[in-house]
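Student: One structure, as structure tokens, below. Some questions next.
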Amino acid sequence: MAADSGRIDGYAALRDYAVVGDGRTAALIAPDGAVDWLSWPDLDSPSVFGAILDAERGGSFQLRPETSFSVGRNYRPGTNVLETTFTTESGTVVVTDALTLQDDHPLGPARELVRQITCVAGTVPIEWTVEPRFSYASAAPRVHARANALIASHHGQALAVSAWGAGTPRHTDGTIHGRADLTPGPGAMIALSYADLEPLVLPTRGECEDRLVRTEQVWREWAGQRPYDGPWRDAVLRSALALKLLVFAPSAAVAAAATCSLPELIGGERNWDYRFSWIRDSVFTLNAFLQLDCPDEAIAYFWWLMHASQLTHPRLRVLYRLDGGPHAGERTLPLSGYRRSRPVRVGNAAAGQLQLDTYGELLQTARRYATRIGRLDADIGRRLAQIADLVCQVWRQPDAGIWEVRSAPQHFTQSKMMCWVALDAAVELALAGLIPNRRLEKWLAERAAVAQFIDSECFDTRRGSYVRSAGSADLDAGVLLGLLNGFRPAEPSRLAGTVHAVQRELRHGPYVYRYLSEDGVRGGEGAFLACSFWLAEALARFGRPDEAVPLMDELVGLANDVGLYSEEIDPGTGAFLGNLPQGLSHLALISAAGAIADAMHGDAG
Amino acid sequence: MNVWAALAGGFVGTVLLTTAMRMANELKLTRTDLPFLLGTIFTDDRSLAKAIGYLIHFVNGLVFALLYVAVFAAIGYASWWLGALFGLLHGLFAATAIVTVLLPLVHPRMGTPYTSAPKAAQLETPGFLMLNYGLSTPVVMLIAHVAYGAIIGAFVQLAA
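Line order of the protein sequences matches chains E and C. Note that the working numbering has the first sequence beginning at 15, numbered continuously upward. Note that the working numbering has the second sequence beginning at 2, numbered continuously upward.
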């Protein structure tokens, strides 16, 4: 991998980031050893290290050789513990990074980042700098020495820097730094322990080492219990591990990504906060959990989904906070943005949009859950029936669609398809006796009406394809999602025609754009990775697995060096764009791999 | 002097004191967490520590109420403002002697100025006036204790 000079204006390429996490938050680490993103205590908290959004002021934790180096990286097999090997002329050091998993015995820090540095050959001078900038870099902390550690604090938060064998930590102007010459031996360790609204716990080196070993062991056990043995196994398992990092353990919500405001176009304004849980992703999420034999995560996620949506029942928000709250007020931060991509947004105004497809996603998720688990709680059943009733009322309205356009609402085809899926799921659940069936006739009638609307208003006979919205001349790869979720056209040729049209007009090599028309936000964007995987899945499930396999091979090759994906890729340069790691990309990969494996075994559905 | 009134005042006062400290936490004025500090004397399990800590905290609140009523009885006078004065002294004593000096000495998981090369995880020490947990900590502690004392004084005064 590239050596130490890979930054542009102080920013590492998005493709170069690896992630570590502990089920509550995540950190992004560049190949040059810098932790450029970490929000503490939780994934959706303000950042402590935010250099990825402002290289000058954001704060980071840098750790690297003082001399020129080359880098190799990998995750320890079956874990989310990252290993970075720095090779210099004088020797080699390996840095092992983890946000440690706490099991409360014995008393440990509330949150902890451990960086173990082992010299495996020669002598390597290392330098390190911790620049904590709490609350999205709104303030430099006060730093003082206490109990064998340097402590940076700001309002109710404090962060202790403990270093062993890594030189004597010193501090100037809210920055803590040190250096050491490492030789083979016991090595060095630096631990950041964090406390929010409580006294800090200051660990010993032995405890940090034990927790690091335990963390690796817990990850390996979890990964070892994932039974997937089909094609692209390594990519599927890495995706599973990446997805697990996005499961917010305290609530079981699944965040769309670990970051906020990383741009969909460098220098552009499509910079959104993805540290929320989208109803849109729920079917894929549940499917992935079931496919990977994660029943605990599947059950917990479904209950979170029903719990969170209870707050707004029967209406659904587009997204919910990780704690289940419905409000995600959007604001901009006075940061310069990744490579001057402004504004830097936190919160997400899409929360308040009307997005009709969410009803289909929720009911489809419930259908999958009930099919696998075999039952539905009676109260949940009543609520699902009420949601189906609401769909009957609202499906004729225009909405913002799955892509949350900020232009005027339209009658998006994918939204209507998912309304059809919602009513279809309700009918099936009612016939199975899992939800009340008093309104069954109404649901059947409205389901037919939705299908009629889609087939008459949202289909371009010239192209032989469903289009983006009623009366539109544009295509939308999101329509594939409606088809994958079970919307079946009256004429089967329309299904094949749509897949073919997406291939013809939105696909460039392995890349697939969401759509090419305007959406109310200035500037373009990259190709949307999930759409590429949806296309691969559609090819597999709709009778063309021979085309799906090479596409999937290409897509698996697009991951970065440690197997992660962002939201989008620039087809021209291969650069990652958007927030990362992106749950939807990894979910779509898991789903496509499973579908192709099924198709190859003749189980296509 | 009515002991039951003092106990009732002690209970209400402790509820108020605890709530005030928790609010101060949420307002980011302090990182003090008294139940956590007390509970970790007995266990390193965070959840259990907080449960034990709350129990000890409430028992302390009742015991101190009895001490207050003993002093009220000794001087033959009780009122809310005298209770508030006791609360002020109590808060100062807690923030300087009990938490700053005594707690680190008896707490098996907290460092003291004499600790070196620790063998186990160390809770951050509170420091003089508990300033290590935030500059506003002594103010919050004193206000909460003044309120606690005033409530006990008022309860005893009303029951007289």
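Ideal Cβ positions, reconstructed from N, Cα and C, are used throughout, including at glycine. Since the model is a prediction, treat every value here as computed from it, not as a measurement.
With a 10 Å radius around its C-beta and 16 neighbouring C-beta atoms as the bar for buried, classify Val-227 of chain E as buried or exposed.
Tutor: Your numbering for residue 227 of chain E matches position 213 in the first sequence. Classification for Val-227 of chain E: exposed.
Student: Could you tell me whether any Cβ in chain E is nearer than 8 Å to the Cβ of Pro-119 of chain C?
Tutor: The residue given as residue 119 of chain C occupies position 118 in the second sequence. Caution applies to Pro-119 of chain C, whose pLDDT of 49 falls short of 50 and renders its modelled position unreliable; the value that the coordinates give is listed next. Answer yes: the Cβ-Cβ gap between Pro-119 of chain C and chain E drops below 8 Å somewhere.
Student: At the level of alpha carbons, what is the spacing between Trp-409 of chain E and Val-85 of chain E?
Tutor: For the purposes of this step, residue 409 of chain E is identified with residue 395 of the first sequence, where counting begins at 1. For the purposes of this step, residue 85 of chain E is identified with residue 71 of the first sequence, where counting begins at 1. The alpha-carbon atoms of Trp-409 of chain E and Val-85 of chain E are separated by roughly 53 Å.
Student: Can you tell me whether DSSP reads Trp-54 of chain E as helix, strand or coil?
Tutor: Here the question's residue 54 of chain E lines up with position 40 in the first sequence. Reduced to three states, the DSSP call for Trp-54 of chain E is coil.
Student: Could you tell me whether any Cβ in chain E is nearer than 8 Å to the Cβ of Tyr-134 of chain C?
Tutor: Sequence index remark: in the second sequence, residue 134 of chain C carries index 133 (1-based). So, interface residue.
Student: Return the Cβ separation of Gln-305 of chain E and Val-332 of chain E in integer angstroms, given the expectation that the two are a contact with Cβ distance under 8 Å.
Tutor: Taking the first sequence and counting its residues from 1, the one referred to as residue 305 of chain E is at position 291. Taking the first sequence and counting its residues from 1, the one referred to as residue 332 of chain E is at position 318. At roughly 25 Å, the Cβ-Cβ gap does not stay under 8 Å, so Gln-305 of chain E and Val-332 of chain E are not in contact.
Student: Which first and last residues belong to the alpha helix (DSSP H) in which Trp-548 of chain E is found?
Tutor: The residue you call residue 548 of chain E lines up with position 534 of the first sequence. That run of the alpha helix (DSSP H) goes 543-555.
Student: What residues in its chain sit with their C-beta under 6 Å from that of His-522 of chain E, if we drop five residues either side in the sequence?
Tutor: Along the first sequence, read from residue 1 onward, the residue named residue 522 of chain E stands at position 508. If we look at His-522 of chain E and ignore the five residues flanking it on each side, its Cβ neighbours are Pro-585.
Student: On the DSSP letters alone, give me the boundaries of the beta strand (DSSP E) that Ser-275 of chain E sits inside.
Tutor: Here residue 275 of chain E corresponds to residue number 261 of the first sequence, with the count starting at 1. Where Ser-275 of chain E is concerned, the enclosing beta strand (DSSP E) stretches over 274-277.
Student: Going along the chain, which residues of the region 168-189 of chain E sit with their C-beta nearer than 7 Å to a C-beta in chain C?
Tutor: Correct list: His-169, Gly-170 and Ala-172.
Student: May I ask you to list the residues that DSSP assigns as paired with Glu-223 of chain E?
Tutor: Locating residue 223 of chain E in the first sequence gives position 209, where the first residue counts as 1. According to DSSP, which records beta bridges pairwise, Glu-223 of chain E is partnered with nothing at all.
Student: Find the residues of chain E that neighbour Phe-37 of chain C, judging by a C-beta separation of less than 9 Å, and give them in chain order.
Tutor: For the purposes of this step, residue 37 of chain C is taken as residue 36 along the second sequence, with counting starting at 1. By Cβ distance, chain E contributes Glu-212 and Pro-213.
Student: Within the 8 Å Cβ cut-off, does Asn-26 of chain C reach chain E?
Tutor: As a first step, residue 26 of chain C must be located in the second sequence, where it is residue number 25. Output row for Asn-26 of chain C: interface = yes.
Student: So, does the region 2-14 of chain C touch the region 562-573 of chain E, judging by three or more C-beta pairs under 8 Å?
Tutor: No: the two stretches stay apart, fewer than three of their Cβ pairs being nearer than 8 Å.
Student: Is there at least one Cβ from chain E nearer than 8 Å to Thr-97 of chain C's Cβ?
Tutor: If you number the second sequence from 1, residue 97 of chain C lands on position 96. Output row for Thr-97 of chain C: interface = no.
Student: Expressed to the nearest angstrom, what Euclidean distance is found between the alpha-carbon atoms of Cys-133 of chain E and Pro-198 of chain E?
Tutor: Counting from one through the first sequence, the residue named residue 133 of chain E turns up at place 119. Counting from one through the first sequence, the residue named residue 198 of chain E turns up at place 184. For Cys-133 of chain E and Pro-198 of chain E, the distance between alpha carbons rounds to 5 Å.
Student: Helix, strand or coil, according to DSSP, for Tyr-242 of chain E in the structure here?
Tutor: Locating residue 242 of chain E in the first sequence gives position 228, where the first residue counts as 1. The answer is coil: DSSP assigns Tyr-242 of chain E none of H, G, I, E or B.
Student: Do Val-157 of chain E and Ile-131 of chain E have their beta-carbon atoms positioned less than 8 Å apart in this structure?
Tutor: As a working note, residue 131 of chain E is residue 117 in the first sequence. As a working note, residue 157 of chain E is residue 143 in the first sequence. Not a contact, by the Cβ cut-off of 8 Å.
Student: Taking only runs of the beta strand (DSSP E) that begin and end inside the region 21-85 of chain E, which ones reach a length of at least 3 residues, in chain order?
Tutor: Complete beta strand (DSSP E) runs here, min 3: 32-35, 40-43, 49-53, 61-63 and 75-79.
Student: Could you please give the first and the last residue of the uninterrupted alpha helix (DSSP H) stretch that includes Pro-309 of chain E?
Tutor: As a working mapping, residue 309 of chain E is identified with position 295 in the first sequence. Per DSSP, Pro-309 of chain E belongs to the alpha helix (DSSP H) from 309-324.
Student: Hey, could you find the ends of the beta strand (DSSP E) Arg-345 of chain E is sitting in?
Tutor: Residue 345 of chain E sits at position 331 when you count from the first residue of the first sequence. It spans 345-347 - the beta strand (DSSP E) in which Arg-345 of chain E sits, taken as one unbroken run.
Student: Does Thr-19 of chain C get closer than 8 Å to chain E when you measure Cβ to Cβ?
Tutor: The sequence position of residue 19 of chain C within the second sequence is 18, counting from 1. Not closer than 8 Å to any Cβ of chain E, the Cβ of Thr-19 of chain C fails to qualify, so no.
Student: Hey, could you find the ends of the beta strand (DSSP E) Trp-457 of chain E is sitting in?
Tutor: Locating residue 457 of chain E in the first sequence gives position 443, counting from the first residue. Note, Trp-457 of chain E: premise wrong, no beta strand (DSSP E); alpha helix (DSSP H) at 454-471.
Student: Would you say Thr-41 of chain C reaches chain E, if we count a Cβ-Cβ gap shorter than 8 Å as a contact?
Tutor: Counted from its first residue, the second sequence places residue 41 of chain C at position 40. For Thr-41 of chain C, the answer is yes, since a Cβ of chain E falls inside 8 Å of its Cβ.
Student: Please work out which residues of its chain come closer than 6 Å, Cβ to Cβ, to Ala-550 of chain E, disregarding the five sequence neighbours upstream and downstream, and give them in chain order.
Tutor: As a working mapping, residue 550 of chain E is identified with position 536 in the first sequence. Same-chain partners within the cutoff: Ala-562, Leu-565, Met-566 and Ala-606.
Student: Thinking C-beta only, is Gly-395 of chain E closer than 8 Å to Pro-450 of chain E?
Tutor: Here the question's residue 450 of chain E lines up with position 436 in the first sequence. Here the question's residue 395 of chain E lines up with position 381 in the first sequence. Yes. Within cutoff.
Student: Taking the beta carbon of Met-24 of chain C as the centre, do at least 16 other beta carbons fall within 10 Å, making it buried, or is it exposed?
Tutor: Within the second sequence, residue 24 of chain C is the residue found at index 23, counting from 1. Answer is exposed; the Cβ neighbour count stays below 16.
Student: Please go through the same chain and pick out, in chain order, the residues whose beta-carbon is closer than 8 Å to the beta-carbon of Leu-159 of chain C, but skip the five residues on each side of it.
Tutor: Here residue 159 of chain C is taken as the residue at index 158 of the second sequence, counted from 1. Excluding positions up to five away in sequence, the list reads Ala-6.
Student: From what residue to what residue does the alpha helix (DSSP H) around Met-614 of chain E run?
Tutor: Here residue 614 of chain E is taken as the residue at index 600 of the first sequence, counted from 1. Note, Met-614 of chain E: alpha helix (DSSP H), 597-614.
Student: Taking its Cβ as the centre, do 16 or more other Cβ atoms sit within 10 Å of Leu-38 of chain C, making it buried, or is it exposed?
Tutor: For this step, residue 38 of chain C is matched to residue 37 along the second sequence. Its Cβ being crowded by 16 or more others within 10 Å, Leu-38 of chain C is buried.
Student: For Ala-209 of chain E, return the contacting residues in chain C, with the cut-off set at a CB-CB distance below 8 Å.
Tutor: On the first sequence, residue 209 of chain E is found 195 positions in, with the first residue counted as 1. Under the 8 Å cutoff, chain C gives Arg-32 and Glu-125.
Student: At what residues does the alpha helix (DSSP H) containing Val-4 of chain C begin and finish?
Tutor: For this step, residue 4 of chain C is matched to residue 3 along the second sequence. Note, Val-4 of chain C: alpha helix (DSSP H), 4-27.
Student: What does Gln-171 of chain E pair with, by DSSP beta-bridge criteria?
Tutor: The sequence position of residue 171 of chain E within the first sequence is 157, counting from 1. Answer is E:His-168 and E:Asp-210.
Student: Please state whether DSSP places Ile-416 of chain E in a helix, a strand or coil.
Tutor: On the first sequence, residue 416 of chain E is found 402 positions in, with the first residue counted as 1. Looking at Ile-416 of chain E - three-state DSSP - the assignment turns out to be coil, as it is neither helix nor strand.
Student: Just checking my contact of Gly-128 of chain C with Thr-97 of chain C at CB under 8 Å: how many whole Å lie between their CB atoms?
Tutor: Stepping through the second sequence from its first residue, residue 128 of chain C is reached at position 127. Stepping through the second sequence from its first residue, residue 97 of chain C is reached at position 96. Their Cβ separation, rounded to whole angstroms, is 11 Å, which puts Gly-128 of chain C and Thr-97 of chain C out of contact at 8 Å.
Student: Taking 8 Å as the cut-off, does the region 112-126 of chain E touch the region 161-169 of chain E (at least 3 CB pairs, one atom from each stretch)?
Tutor: No, they do not touch.
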